[in-house]
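Numbers -24 to -1, 1 to 759, taken from mature numbering (1 follows the signal peptide of the UniProt record, and there is no 0), label the letters of the sequence shown in order.
Think of the CB as a built atom: it goes at the ideal place given N, C-alpha and C, for glycine as much as any other residue.
Okay, structure first, notes after.
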Amino acid sequence: MKKYWITFLLALFLLLGVSSSTFAQTVSEQNTSLNNWQISLTGKAFPSSNIVLKTTLSEQERTTQQNVLAKLNKDPNKGYLFSNVTAWKTNSIQITIIATNIEKMATLYQTPNSIYYQNASFKQDILYALQWFYTNIYNENVTNAYGNWYDWQIGTPISLVNTLTLMKKDIPPTQLQNHLKAIDHFEPATADDRYIGTGANRINKGFIVSMVGVLSGNQAKIDLGAEITKRVYTPVTSGDGFYADGSFIQHTNTPYTSGYGAEVLARSADFYQLFAGTTTLGNFRSLPTIFTYLDSTYLPVFYKGEVLDMTRGRAASLKAIPNEQVANTMLYDMYTISQKNSNATYRGKYANILKSSITKQSEKTTFYKNLTVAQAQTFQNVLANPNIPATYPARTQNKMMGGASQMIDTKPGYVAGLAMFSKKVSAFESIAGQNMLGHYTGTGALYLYNGDESFKGNYYPTVDMTSLAGTTTDHKTKPVTVDNAKYLNPVAWSGGVSDDQNGSATMQYNMKNVTGSTLGAQKSWFFLNGKIVALGSGITSTESLNTETIVENRKLINTNLNSFVVSGQTLNLGQTKTIANTKWAYLNGAIPSQNIGYVFPTATTVTAYKKTKSGNWNTINTRNRSELVGENYAGITISHGQKPTNKSYSYILLPGKTKQATEAYSKQIDVEIRANNLNQQAIFDKSQNLWISNFCQPSTLNGVVAQTRGSMMIRKSATLEKITLSDPSQEQNSIAFLVPKQTGHKLKSKSTEVGVTTQGTNWRIQVNTTAKNGKSFHVTFGK
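See below:
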C-alpha cells in the first residue's frame, strides 16, 4: 500500500503544476485518439460464431429499432425529429434524449457486425438528424437555455461529441465545425469559469472540451480540458470531491461514490482510452491520482457484483438503472484504469476483482443484455484468461469515511455498510421527483451484502422505506417540496473509530430536520470479526406514534429455502408473531455464507414476520412508470411504544452463521456490553481482547477516563497495547484520555498528531483534532 501512496503523492506534486511543458498532438496522434474512441464506443469486429456478442449487439439493434428508428421523422414540417420526443421546446431533458438517440444510430452505423454497418441510406438518416438538431435546437445562437443546465452543458454535448467522432469521416467539414461551435457556446472558455462546477460536473466538461480539441485538431482546447480536469483529483476537506478518508461527495452534502463518483471514474477511464498510445496523455498529469482512489474510494463500496446503494444517492430509486448495471459499468472502468498502471501486482488485483465479480453473473442469460459490445468483449477476454484467478479475494478491512458519515466493514463473505447523517451530511437527497421516500436511508440504515441479492429487484418500492434495517423509526415522513433540500443532523456526533481491521460507528441524532419528528436516540455499531453489535439508548419522542428499532427487514430469494426461525419457532409466509424473551433468531440462506444469525444479549420481546409486501415504483421516483410489485420479506422489530422515554436495545448480527451456531452463541456470548447509556456505549470482545467505547460525554469507564468526548479502541496482545482514538463530533480542537499504564510498557509508536505524557499511573493521550475530519489516530505501547 505504501508504494501506491508514493504514487499518489507524486501525482499531487505534478498536479500542482511543477512542470508547465505540454505535448502537442500530431495529426497522427489525433487519428489514433479518434480511432481509440470509436473502438471504445463500438467495440471491435468479432466472429459470427460468438453467440454472446451477437446477442449483445442484437439487443442494441432491437431496442434502437423499437425506440429510435421506428420514431424517426424526416418530415421537416412536423417540428420534431422523433415522434415520441415532441416537447423539446419546453423540456430540456428531451434535448438530451434526442442527442442520445442520434448517438445510438451512429454507434450502430460504425459497429462492424451490425446490420446497419456503414449502410449508405442509414448514414443519410444520421446526417439529416444531425443537421436538424443543429438547425432547430442546439447551435451557437441559442440565448435561452431553458430547463436544466445539465442538458445543455453535459448531457447533450457528451452524446454529440461521441456522434461526431463516429461520423467524422462522413460529415461535411462545415457541418462538423457548426456542431463544434455549438458545443463551444455552452462550454467554459477558461478553467476558472465560475459556473464550471465541481466533481462529476467538472470532469464531464473537461472531457467534452478535450474532445472538441481532438475533433478540431485544437491543442489549446485539449490543454484547457486537462486544466479543467486537474482540480477534480485534488483532495478536498469540505464540499464536493474526493476526501482523504475515501469519501466522495457531490451536491455539497450527499455521499455519491457510485453515483456522481461513477461518472468521475468513467471519464477517467475515457481519458486513458482516448489518449492511449499518444504523448497527449502526458498533459493530464493529475490523472494517475485515480489509481489511489480506486483503492481508497471505489473498491470499498463493492461486494462482488454489487455496489453499496448507500453510495448511489437518489439514483437507487430509479428502476431503469439497476444496481448490477452500475456495478458492471464501474467494474469495467476500474479494470480499464487499472491496466494502465505500471505495477503488475496492482493490475492483477483488479483483473481478479473483475473476473471473480462477474463469473457467476455471466452464467445468467441476461448478463450481457445491458453491456456495450466493447464492455462485453473485455469481460469475455477476462473470463477466458486462465492466468486471472476466478476466486473472489477474501478481504478484511474496516473503513470509517468521516466525510460521508459512513462506515464500511469488509470481511470474508460479506460487506456491511452503515449510512448516518451529520451536520455536514444529509440523510438523503431528492431532486426532480426522485427518491421521494428516502428519509430513513441515511439515519442509521445498515446494509448487509452477502450475495443473496436482497437489495436488488423490487426491493426499494416494497421494503417500506420507513422500516430499514438498523434504523429506529416512528414511520413518520413529510412531503418533499424543495429540490435538493438538506436534511442535516442538528447534533454534532456522527462518526467513528477504526484500526482498519475493526471499528465502531456512533451517532446521536434527532429527526427534526428530516421528518419533523421529535424522535431522537444515541446509537453505536461495533464491527468485529464475523459479528456486528448494535446498541441503542436514549430513545425518546413526544410523538403518539409506534416507535421501533428495525433489527431486520430482508427481501427473500426463495420463501421455502429462506426458512426463518425466531426463538425456536419457525415462521411461515403470512405469519407475524410477538415473541417474548427472545435470545436468538436465524434466517437460512441459499448457501452457507448467506445465512444470518441474530442474538439478543438481553432477552427481548420482538415482533417477527414473514410476509409479502407490495409497493409502486412510481411512488418512490416519479421517473418510474406506475408499476405495482410485491416481494416476500423476513423481519424482526423491537417496539419502544408511543412517546418513548430513554428506551434502549442491543442485538448482535452473525453473518454466515448456521442455525446451530447461532443458538449456541446465544448461550455463550463472547462480547460483553460494558455500557449502553447517554454517556457511553462500549463493548469488550473477549475473542480478540479488544475494548471499544464511544464516550458521548466526558466520563470514566473500565479505568479509562475520557477528559473530552471521543471514541477509543484498545487492542491488547501479549506484548503490545494498540490504542486508536478519534473525535466523532468533528468539532473539537483536541481530545484527551487517561489510560492505565501496563507494567513494563513504554511508548513504541504514535501518529504525528498524538501527544503522550504521564499523569500518575496513567498515560495521558492528547490528540490534535483541529482538522476536524473524524480521522482515527494511533498510539502503541509495549515492552
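Residue i - DSSP class collapsed to helix/strand/coil
i      : result
Ile690 : strand
Lys751 : coil
Ile78  : helix
Trp593 : helix
Val212 : coil
Asn557 : strand
Lys531 : strand
Asn744 : strand
Ser705 : coil
Gln636 : helix
Phe757 : strand
Asn486 : strand
Val28  : helix
Val456 : coil
Val391 : strand
Ile508 : strand
Lys400 : coil
Ser135 : helix
Ala408 : coil
Ala366 : coil
Phe22  : coil
Ala220 : coil
Ser727 : coil
Leu48  : strand
Gly324 : helix
Glu519 : coil
Gly471 : strand
Gly514 : strand
Terminal residues of the beta strand (DSSP E) in which residue i lies
i      : result
Thr386 : 382 to 387
Ile184 : Per DSSP, Ile184 belongs to no beta strand (DSSP E); it is in the alpha helix (DSSP H), 175 to 192.
Ile699 : 696 to 702
Lys499 : 496 to 503
Ile313 : It is not in any beta strand (DSSP E) - Ile313 instead sits in the alpha helix (DSSP H) that spans 299 to 314.
Val680 : 680 to 682
Phe58  : Phe58 -> no beta strand (DSSP E), and no H or E assigned at all.
Leu630 : 623 to 631
Gln94  : Looking at the DSSP string, Gln94 is not in any beta strand (DSSP E), and its letter there is neither H nor E.
Beta-carbon contacts of residue i that lie in its chain and below 7 Å, excluding the five residues immediately before and after
i      : result
Ala167 : Leu200, Glu203, Ile204
Leu521 : Asp450, His451, Lys452, Gln618
Val743 : Leu701, Ser710, Ile711, Glu729, Val730, Phe753
Ser68  : Tyr122, Gly123, Asn124, Asp127, Trp128
Residues of its chain near residue i, where Cβ-Cβ distance is below 6 Å and the 5 sequence neighbours each way are ignored
i      : result
Val188 : Leu156, Ile159, Lys197
Tyr279 : Val391, Tyr425
Asp221 : Met377, Gly378, Gly379
Glu603 : Trp593
Thr700 : Val473, Asp475, Met689, Ser752, His754
Gly19  : Val349, Ala350, Gln353
Phe98  : Tyr85, Tyr92
Ile384 : Pro276, Lys375, Gly393
Strand pairing of residue i, partner residues [DSSP]
i      : result
Lys586 : Gln551, Ala610
Asn670 : Gln657, Ser687
Pro716 : Asn738
Glu524 : Thr449, Ser615
Gln545 : Val542
Glu648 : Phe660
Lys722 : Gly758
Pro231 : Ile225
Glu37  : The partner list for Glu37 (beta bridge, DSSP) is empty, contrary to what the question assumes.
Ser480 : Val473, Phe502
Test: residue i CB closer than 7 Å to a CB of chain B
i      : result
Tyr269 : The displayed structure is made up of one protein chain only, and chain B is not part of it.
Unbroken alpha helix (DSSP H) run spanning residue i, endpoints
i      : result
Phe355 : 349 to 360
Ile198 : 195 to 206
Gly237 : 236 to 250
Ala421 : It is not in any alpha helix (DSSP H) - Ala421 instead sits in the beta strand (DSSP E) that spans 421 to 425.
Asn374 : From DSSP, Asn374 is part of no alpha helix (DSSP H) but of the beta strand (DSSP E) over 373 to 377.
Leu152 : 149 to 162
Cβ neighbours of residue i in the same chain (closer than 8 Å, five flanking residues each side left out)
i        : result
Leu294   : Gln410, Asn597, Arg599, Asn600
Val(-7)  : Residue placement at Val(-7) cannot be trusted, given a pLDDT of 39 that sits under 50; the coordinates are not used to answer.
Leu(-10) : Confidence at Leu(-10) is low in this model, with a pLDDT of 43, below 50, so its placement is unreliable and the value that follows should be read with caution. Excluding residues within five positions, the ones whose Cβ falls inside 8 Å are Lys206, Tyr209, Thr210, Arg261, Ser262, Thr265.
Asn95    : Tyr85
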